[in-house]
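In my numbering, the protein residues as written are 109 to 252.
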Ligand SMILES: [Zn+2]
């Protein structure tokens, strides 16, 4: 999935799980569950990112941040550290893959790439792939 749904789910986990470690671990696991849902992505291979990909990723990340700020702005009971940990955990798997493009010799990152690929399902077409991500965002909004 693109970053925004991962971030939103991670933030929701951080908001629900009041333990820093479990929030991070569950958000990390959520990444693989979301990636198993057929989806569309603007980056073909995270291990070989291009300049264009960074621009799109920045827009994607900004959309995620805006969604989260709009959702949680003004909430007094929110622990922003838990939400940040949830966001970090949810994005960490893809971040590790991007590191692989800078450190292609890393055995750890190469093995992690294989594990990530086992869970990762791409959609056959753009419409279905975008729809599954919009549904993920809407379902997450209902749980917050
Ligand atoms: Zn991923």
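Glycine is no exception: its CB is placed at the ideal position from the N, C-alpha and C atoms.
If you're wondering where the values come from, they're calculated on a predicted model, not measured in any experiment.
Query, Result
"To which residues of the same chain is residue 140 closer than 6 angstroms at the C-beta, ignoring the five residues directly before and after it?", "227"
"Reducing DSSP to helix, strand and coil, say where residue 224 ends up.", "helix"
"So is the beta-carbon of residue 109 under 8 angstroms away from any non-hydrogen atom of ligand 1?", "yes"
"Are the Cβ atoms of residue 240 and residue 231 separated by less than 9 angstroms?", "yes"
"For residue 136 and residue 197, which I take to be in contact (beta-carbon distance under 8 angstroms), what is that distance rounded to the nearest angstrom?", "4 angstroms"
"Is residue 169 closer than 9 angstroms to residue 109 when the C-beta atoms are compared?", "no"
"Do you know how far the Cα of residue 163 is from the Cα of residue 145?", "25 angstroms"
"Label residue 233 either buried or exposed according to how many other C-beta atoms from any shown protein chain fall within 10 Å of its C-beta, with 16 as the threshold for buried.", "exposed"
"On the CB-based measure, 16 or more other CB atoms within 10 Å of its CB, does residue 212 come out buried or exposed?", "exposed"
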